[in-house]
Amino acid sequence: MSRIGIFGGTFNPIHNGHLKLAAYCRDSLNLDSVILIPDYTPPHKSGSELVSGDDRLEMCRLAAAGLDGLTVSDIELRRGGTSYTFETLSSLKELYPGDELFLIMGADMFLTLPSWKNPDIIFEKASIIAVPRDGDDNRVLLDYYEETLKNMGARAFALEKPVMQVSSTFVRSNICNRELVSEYLPGAVYDHIAKKGLYGFRDYAAIIRGLMGDYRYIHSVNVAREAVELARLYGSDTGKAYIAGMIHDITKEIPKDEQLQIIADGGIILDDVQKNAPKLWHSISGSVYIRRELGITDEDMINAVRYHTTGRAGMSLLEKIIYIADFTAEGRSYNGVEIMRERSRQSLEAAMLFSCQFFLQELSKKELAIHPDQLGLYNELVMKG
Ligand code: ATP
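Numbering (this note's numbering), first residue to last: 14 to 398.
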């Protein structure tokens, strides 16, 4: 008699959290094998970003290749329709009549078990193995088992601690940031996503590399890294922060006359201050360029590029992050950079006020015009202050 782990999921995409969980269950419960089963249509999830079953299956196969005791089944994809676990377990029980089945799942799924279709059939065919997904919910799982599932006839174990804190959602929304996601994805899965352009994958490093010299490229990578740090700290979308950071200076090295053409083509009429300040053009032309050439439609990202030089009143969290990251990124060296970095970790507004004060002084000393957007930001900061 074999002990077989059944691990179903959307696997959109499969990540190292899934793989570590499967290996951990295999080893700690002496399972002979664990079968990964990508579902066709998950009953519990809306699938707006769901890639094809073929891609998810392929990624599972690539991920499992060479891993001891891990296999992949297309049983649910072949069956089609809504992927009910009770049906899958019934088929597997027919395939492996003498074997013991263990259904593996994360805490989020475990806590919804009674609402699954025919839970009594699930509990009859398999024991449940639940694993916490964050810090300290092992006790919650055990209590839930005692109070709810046991009465329904379930046999369940709850593992001690999370194996790896990551989700497919996180991977999908940060897929363009190789540095960040490669820790969570097997290399072959990353390559498959990149090759097929899944989840909106785009190689922004390659895109900007062709448009700028070494100095600005390194600066852009540093701003993207810094923006991700700030996004984490202030609870913003790290995926958008990365992309906006990478492309914030995308047109800066395009000749000035071409930038003016891009701006005009975008239907933007420069005001008098802008006309006299070529240093402001790249953020305006950049916002047009990323919409037109890269097909970016996210208004928040477009505005983050558009206002990263002057700022403005009423900036969104992402706009503030890109504006500040441009000042605090590694490689920046100016009088006051350390204060700016320190303030950026305390409050975004404190850092923006510091930068505004610095700029207003510098511009007025040189008798240069100050753009109304910059004054608007300053006024807003001191009036709220
Ligand atoms: P999404 O973020 O799209 O909701 P997911 O990361 O939860 O996806 P699924 O494919 O839906 O991945 O998960 C399949 C199973 O794996 C579920 O039982 C889920 O609870 C579990 N699981 C996913 N990630 C982890 C993790 N890091 N630790 C423990 N269990 C996990």
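Beta carbons: idealized from backbone N, C-alpha and C, even for Gly.
A distance criterion of 8 angstroms places the beta-carbon of Met165 beyond contact range of the ligand ATP, judged by its closest non-hydrogen atom. DSSP, read as helix, strand or coil, puts Phe170 in strand. The closest CA to that of Glu71, considering only Pro56, Leu49 and Ser298, is found on Leu49.
Per the DSSP secondary-structure output, Pro145 pairs with nothing in a beta bridge. Within the chosen limit of 8 angstroms, the ligand ATP reaches the beta carbon of Pro55 through at least one heavy atom.
Per DSSP, Arg345 lies in no alpha helix (DSSP H) and is assigned neither H nor E. Per DSSP, Arg356 has no beta bridge partner at all. Taking C-alpha positions only, Ile303 is separated from Ile315 by approximately 7 angstroms. By the Cβ neighbour-count rule, Glu393 is buried, with 16 or more other Cβ atoms within 10 Å of its own. When DSSP reads this structure, Val184 sits in no beta bridge, so it has no partner.
Taking 8 angstroms as the cut-off, one finds at least one heavy atom of the ligand ATP near enough to the beta carbon of Met177. Residue pairing by DSSP places Ile17 opposite Ser46 and Leu114 in a beta bridge. Contact fails between the region 124-136 and the region 173-184, because fewer than three Cβ pairs, one in each stretch, are under 8 angstroms apart. In this structure, Thr182 has its CB closer than 8 angstroms to one or more heavy atoms of the ligand ATP. Cα atoms of Phe372 and Gly327: separation of roughly 19 angstroms, rounded to the nearest angstrom. With a cutoff of 8 angstroms, Leu105 does not count as near the ligand ATP, since its C-beta is closer than that to no heavy atom of the ligand. Note: Thr84 is bridge-paired with Ile48 in the DSSP secondary-structure output. When distances are taken from the beta-carbon of Gly252 to the heavy atoms of the ligand ATP, even the shortest one reaches 8 angstroms or more.
Collapsing the DSSP output to three states places Ser195 in coil. Boundaries of the alpha helix (DSSP H) around Asp285: Asp285 to Lys288.
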